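Mapping the sequence shown onto the working numbering, position 134 (from 1) lands on 121, and the numbers just tick up by one.
Ideal Cβ positions, reconstructed from N, Cα and C, are used throughout, including at glycine.
From a predicted model like this one, the values you see are computed outputs, not experimental measurements.
Below is one structure, written out as structure tokens; comments come after it.
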Amino acid sequence: MTPSQYWLITAIVLFILEVITPGFVLANFGVAAIAAAITAWLGGDVTVQMIVFVITCLISFITIRPLLSRTVGKQKTTRTGVDAIIGRLTKVTEAIESPLDAGRVQIDGDSWRALSVHGQSIPSGTTVRVVRVDGTTVFVEHI
């Protein structure tokens, strides 16, 4: 086997391992191995191949890895349960009369006990924002 074939096999193995491991680290080495394979195919000796491999690794880590981490590696987190209703807008179905007298709001078809964050009374039909949840009580603010 020729040196370029060794480099290509190394690149393929690195790309396969990249699929298994997170972080886009091994893919950078795979890109560098392809560059070294091209250098070997063009007739560069082992020293030149290693220099090309190292330089391509550095360039790849500086450019490709941050780009891939920003685009591919970014996963949107989905809030679930009570965390999903924080920040939601809803309407008051039963007036919140005073800081201690809870009213009710309707969220996704469920009726929740509601208190005003600022202790103000909020009439029925008013649009409010859910600020926090404590047990079965939502704390809302008038918009």
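- In the three-state reduction of the DSSP assignment, residue 93 falls in the strand class.
- Only residues of its own chain outside the window of five on either side were considered, and among them 79, 80, 81, 98, 99, 100, 101 have a CB closer than 8 Å to the CB of residue 91, listed in chain order.
- Going by DSSP, residue 26 is part of the alpha helix (DSSP H) stretching over 13 to 28.
- In the DSSP secondary-structure assignment, residue 105 is not bridged to any residue.
- Less than 9 Å separates the beta-carbon of residue 20 from that of residue -5.
- In this structure, residue 18 and residue 51 form a Cβ contact; the two beta carbons are roughly 7 Å apart against a cut-off of 8 Å.
- Excluding residues up to 5 positions away in sequence, 13, 14, 16, 17, 20 lie with their Cβ nearer than 8 Å to the Cβ of residue 1 in the same chain.
- Within 10 angstroms of the beta-carbon of residue 83 lie 16 or more other beta-carbons, which makes it buried.
- For residue 26, the CB contacts under 7 Å within the same chain, skipping 5 residues up- and downstream, are 35, 36, 39 in chain order.
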